[in-house]
Structure formats: structure tokens, C-alpha cells
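Participant: Before anything else, here's the structure in question.
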Amino acid sequence: MIGQIKSLLENPIFLKDFNIRKRRESRKKIRIPGYIGYLAVLTAPMIIIGMFYVIVNSGDPQRWGGHMWDEFLKTAMVITVFLQLIYFIFKSITFSFPLFSSEREQRTYSGLISSMMSPKDILRGKFMVAFYPLFLELTGFLPLFVGVGLLFKLTIVQILAIYIINVIVILFFTLLGLYCSLTSNSSSKAHSRAAFIAGFLVLGTLLIDGLIASLAHDFIPFTVFLNPGAAFASVLFSSSYSPTWFSLLALICPILLLLISFALWQILAFEASRLPDR
């Protein structure tokens with residue numbers, strides 16, 4: 001296992017693209033480290049919501065009792081978790097959608113496919129360029145997230161569930177971005193396709209199930225089982241009083257996304273075998 005991970009990190013395509021990205025970032029006049037964004041996602045909701053509650057209740061300090069404090073923590077917790085989802089979906093797609101399409105636009109595609117590397121090694125290298133930095137960012141800040149989660153009165157099980165779902169989200173949307181990049185003629189088309197699918201999964205599934213529920217009685221939502229946001233909602237709000245389908249979202253949604261990710265990888269491997277023909 002360790003040897004396989006080491007070989008992935010030593011993949012020439014991964015090293016080349018990763019170093020190119022680092023050089024581009026170093027040339028920026030205003031350079032903001034990538035982890036600052038995730039750090040802001042973890043801490044900004046608590047600071048902003050806290051300031052809001054202080055301003056609103058400044059005239060009545062006694063209202064800052066147990067109930068008000070619990071309400072503040074619950075609000076900040078929900079915003080933090082869902083901001084994480086948006087953040088990692090955005091970055092997964094942003095990192096992955098140009099990986100093949102930009103090679104065509106920069107006329108380096110022929111050099112890529114004529115290299116001594118096999119199509120699968122090229123695919124693995126491109127995948128690691130997008131997946132590895134985000135996985136490292138999420139895992140590196142896990143101790144901080146655990147501390148914030150405990151402050152927000154989450155259980156260890158909830159914190160670990162949110163972490164695992166975020167890993168699956170990064171995996172799925174990285175593979176989605178790669179697929180759109182490999183099968184699109186331009187980066188703009190790859191980006192629009194990946195963004196449309198992401199928007200459908202996060203918002204479209206809610207609209208579809210909401211529309212059907214308004215027309216049918218005793219309707220059990222089904223498209224939300226593909227919605228990672230619904231999985232987070234299940235982790236945060238599921239209780240013994242919740243409907244069975246809602247409680248199962250936290251388990252079924254990640255499993256479905258993993259199965260689709262596996263299918264996407266198989267499709268990508270097939271498409272990669274046809275790289276010289278593209």
C-alpha cells in the first residue's frame with residue numbers, strides 16, 4: 001500500500017503538473033496560500049455569527065444564556081459544514097477540469113500522449129495533481145476541525161462522518177472534472193459541464209424531490225440520495241424522530257458516490273486507452 005502511494009507521488013506527470021502549478025502561484029503579485037481558504041471556512045462562520053449575536057443582543061446581555069449560546073453554536077456549525085462542501089466541490093472541479101483540455105489548448109497534448117508513459121499512468125498522474133493537494137489540506141486541518149466540531153457540540157462519530165464524506169466528495173468531483181476535461185474540446189466547455197452536474201447534484205435534486213413531493217402524498221425522496229449536502233444534513237440533524245430515509249442518507253449517499261466514482265474511473269481508464277486517437 002505504501003509502495004503504491006509512493007509510486008503515485010513519484011509519477012512524472014504528477015510531478016510536472018504539480019511543479020507547474022507551484023511556479024504559477026509563486027509568480028502572482030499577491031500570493032495567498034491555498035490553506036487560508038479552508039482555514040477561513042472553519043473559523044469565519046463562528047466569528048461572523050458571534051459578532052452578529054453580540055450586536056443584536058448587546059442591549060440585553062442576560063440573553064446570552066445557555067439557550068442563546070446553543071443557538072449560536074448550532075447556526076455556526078451548520079454554516080461551517082455546508083461551506084466546507086461548497087469549498088471542496090469548487091476546488092475539486094477547479095483543479096481537475098483543465099488538466100486535459102488545457103493540454104489541447106496549449107498544444108502540448110501531442111507531447112503528452114507520445115511520452116513513454118502508459119495512458120493509465122498519465123491518468124493516475126493527472127488524478128493525483130487534483131486530488132492529492134485537497135486531500136492533504138483536508139487531512140492536515142483535521143485536528144483543527146475536530147476541535148471546532150467539539151466546540152460546536154458535535155460527537156466524534158459526526159466529525160468523522162463529515163470528514164469521510166468530504167474525502168468522498170473530493171474524490172467524486174475530481175473524477176468528474178477529469179472526465180469532463182478528457183471528453184471536452186476546450187477548458188470552458190469542460191468547466192461548464194462539470195459545474196452544471198455539480199449544481200444539479202447539490203440544488204437540482206432538492207428541486208426535483210420538492211416538486212414531486214408537492215404533487216404526491218407519502219412521497220419518499222430519491223434524487224437527494226445523490227446529494228452530498230443532504231448527507232451532511234442527515235449527519236447533523238438525524239434523530240430517533242427522523243424518517244428512516246433521512247437517517248439513511250448519511251450512509252447511502254456516500255456509498256452511491258463511491259460506486260459512481262468507481263464507474264467513472266473505469267470509464268476514464270477506457271477513455272485514457274484511446275488517448276492517441278483523440
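So the sequence shown is numbered by the numbering used here: it starts at 1 and just counts up by one. Where is the CB? At the ideal position from N, CA and C, for every residue including glycine. The structure presented is a predicted model; accordingly, all values stated were derived computationally and were not measured.
(1) Might you give, ordered along the chain, the residues of its own chain that have their beta carbon closer than 7 Å to the beta carbon of Met117, omitting 5 neighbours on each side?
(2) May I have the straight-line CA-CA distance separating Glu271 from Glu71, to the nearest angstrom?
(3) CA-CA distance, Phe237 and Ala230?
(4) Given this structure, state the Cα-to-Cα distance separating Val41 from Tyr87, to the nearest angstrom.
(5) Quick check on the burial criterion: 16 or more other C-beta atoms within 10 angstroms. Buried or exposed for Met77?
(6) Please tell me whether Phe343 and Ala198 are closer than 8 Å, where the distance is taken between their beta carbons.
(7) Keeping to the same chain, check which residues put their C-beta closer than 7 Å to that of Ile168; ignore five residues upstream and five downstream.
(8) Drop a sphere of 10 angstroms on the beta-carbon of Asn166, count the other beta-carbons inside from all chains shown, and report buried for 16 or more, exposed for fewer.
(9) Hey, could you find the ends of the alpha helix (DSSP H) Arg124 is sitting in?
(10) So, do the region 44-54 and the region 126-138 have three or more beta carbon pairs nearer to each other than 8 Å?
(11) In the DSSP assignment, find the unbroken alpha helix (DSSP H) run with His191 in it and report its ends.
(12) Taking Leu264 as the reference, give the member of Ser234, Leu176 and Phe200 with the closest Cα.
(13) Measure the Cβ-Cβ separation of Tyr179 and Ile267 and say whether it is below 8 Å.
(14) So the candidates are Ile252, Ser192, Leu171 and Phe196; which of them puts its Cα closest to the Cα of Ala130?
(15) What is the residue span of the alpha helix (DSSP H) that Tyr241 lies within?
Facilitator: In terms of the structure at hand:
(1) The answer, listed in chain order, is Pro12 and Ile13.
(2) Rounded to the nearest angstrom, the gap between the Cα atoms of Glu271 and Glu71 is 50 Å.
(3) Near 10 Å, if we compare the C-alpha coordinates of Ala230 and Phe237.
(4) Val41 and Tyr87 have their alpha carbons spaced roughly 8 Å apart.
(5) Flag for Met77 reads buried.
(6) Residue 343 is absent from the model: the chain starts at 1 and stops at 278.
(7) Same-chain partners within the cutoff: Pro254, Leu257 and Leu258.
(8) The residue is buried, with at least 16 neighbouring Cβ atoms inside 10 Å.
(9) Where Arg124 is concerned, the enclosing alpha helix (DSSP H) stretches over Pro119 to Gly140.
(10) Cβ pair count under 8 Å is below three, so no.
(11) Its alpha helix (DSSP H) spans residues Ser187 to Gly199.
(12) For the set Ser234, Leu176 and Phe200, the Cα lying nearest the Cα of Leu264 is the one of Leu176.
(13) Judged by beta-carbon spacing, Ile267 lies within the 8 Å limit of Tyr179, meaning their Cβ atoms are closer than that value.
(14) Closest option to Ala130, Cα to Cα, is Leu171.
(15) Segment: none, Tyr241 is in no alpha helix (DSSP H) and carries neither H nor E.
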